[in-house]
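Mapping the sequence shown onto our numbering, position 61 (from 1) lands on 62, and the numbers just tick up by one.
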Amino acid sequence: MSTVQVFDHPLIQHKLSILRDEQTDVMEFRELISEIAMLMCYDATRDLQTEEIEIKTPVAVAKAKRLAGKKIAIVPILRAGLGMVHGMLTLIPSAKVGHIGLYRDPDTLEPVEYYCKMPADITERDVIVVDPMLATGGSASAACDFLKNKYGVKHIKLMSIIAAPEGIEAMQKAHPDVDIYVAAKDSHLNDHGYIVPGLGDAGDRIFGTK
Numbered sequence: 002m003s004t005v006q007v008f009d010h011p012l013i014q015h016k017l018s019i020l021r022d023e024q025t026d027v028m029e030f031r032e033l034i035s036e037i038a039m040l041m042c043y044d045a046t047r048d049l050q051t052e053e054i055e056i057k058t059p060v061a062v063a064k065a066k067r068l069a070g071k072k073i074a075i076v077p078i079l080r081a082g083l084g085m086v087h088g089m090l091t092l093i094p095s096a097k098v099g100h101i102g103l104y105r106d107p108d109t110l111e112p113v114e115y116y117c118k119m120p121a122d123i124t125e126r127d128v129i130v131v132d133p134m135l136a137t138g139g140s141a142s143a144a145c146d147f148l149k150n151k152y153g154v155k156h157i158k159l160m161s162i163i164a165a166p167e168g169i170e171a172m173q174k175a176h177p178d179v180d181i182y183v184a185a186k187d188s189h190l191n192d193h194g195y196i197v198p199g200l201g202d203a204g205d206r207i208f209g210t211k
């Protein structure tokens with residue numbers, strides 16, 4: 002069974018409280034999404050492999066470490082996932098970015114794919130799927146299905162800012178090999194599939210749409 006890590010770092014929790022506030026404007030909301038994603042990415046990549054190298058400093062030769070093994074790809078689920086990418090690229094500028102476009106059918110709440118574009122070497126990379134809200138889990142699960150079945154990706158992590166228990170359970174059932182990283186685990190989903198208390202529609206709040 003996959004692990005679920007809920008980040009309790011004070012900086013993340015402080016920023017999350019502002020993010021939830023309905024009075025937070027578009028510019029600040031967008032900045033907070035990026036900052037929280039960057040802070041989460043720092044810990045979610047703790048298991049990256051390193052190798053020892055020698056470098057020459059201005060003073061002497063020193064042993065140092067650099068990233069080794071597979072490279073990283075960040076795959077946001079459009080459109081809200083885009084808000085998390087910039088902060089993560091600040092930490093991992095060499096990461097490549099793929100895109101999966103999914104929307105949730107308002108009647109069935111099931112994900113419908115409308116766009117997909119991946120780096121040519123996506124199969125050789127460790128992938129972090131990002132979406133601010135893990136609600137029903139349908140979109141995240143469909144994105145992981147797509148990465149595994151079409152592109153042969155073997156190592157996937159899911160990073161969301163807020164998750165509902167229903168979404169976590171659905172992901173763990175469909176993809177027990179995908180570890181989940183969230184800043185908050187909320188109470189439940191309402192009848193419209195929104196996380197309670199949540200923060201509303203993340204995409205609308207990032208891009209200023211309704």
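Ideal Cβ placement from N, Cα and C applies to all residues, glycine included.
Item                                                                                                 : Value
Sufficient close CB pairs (3 or more, under 8 Å) joining the stretch 189-202 to the stretch 14-30    : yes
Segments of 4+ residues assigned as alpha helix (DSSP H) that fall wholly inside the stretch 124-196 : 139-152 and 166-175
P59 to L159 span [Cα, whole Å]                                                                       : 41 Å
Per-residue DSSP class, three states only, for P120                                                  : coil
Burial state of I196, where buried means 16 or more other Cβ atoms lie within 10 Å                   : buried
Integer-rounded CB distance, given that L33 should sit under 8 Å from A184                           : Wrong, their Cβ atoms sit about 11 Å apart, outside the cutoff.
Three-state secondary structure assigned by DSSP to P112                                             : strand
Span separating the alpha-carbon of E167 from that of G138                                           : 7 Å
Residue from S140, I93, D127 and K97 with nearest C-alpha to E111                                    : S140
G194 to A136 span [Cα, whole Å]                                                                      : 7 Å
Alpha carbon of A74 to alpha carbon of K57, nearest angstrom                                         : 30 Å
Nearest neighbour of A143, chosen from I101, T46 and I207 [CA to CA]                                 : I101
Spatial distance of L148 from I123 (CA atoms)                                                        : 9 Å
Euclidean distance between Cα positions of Y152 and V62                                              : 42 Å
C165 versus D132: straight-line alpha-carbon distance, rounded                                       : According to the sequence as given, residue 165 is Ala; it is not Cys. Answer to the nearest angstrom: the Cα atoms are 13 Å apart.
CB of A38 within 9 Å of CB of G84, strictly                                                          : yes
Backbone secondary structure at K97 - three-state DSSP                                               : strand
Limits of the alpha helix (DSSP H) - the one that A74 falls within                                   : No alpha helix (DSSP H) contains A74, which is instead part of the beta strand (DSSP E) from I73 to L79.
Bounding residues of the beta strand (DSSP E) (the contiguous stretch that carries A65)              : V62 to L68
Residue from T51, L190, I163 and I181 with nearest C-alpha to M2                                     : I181
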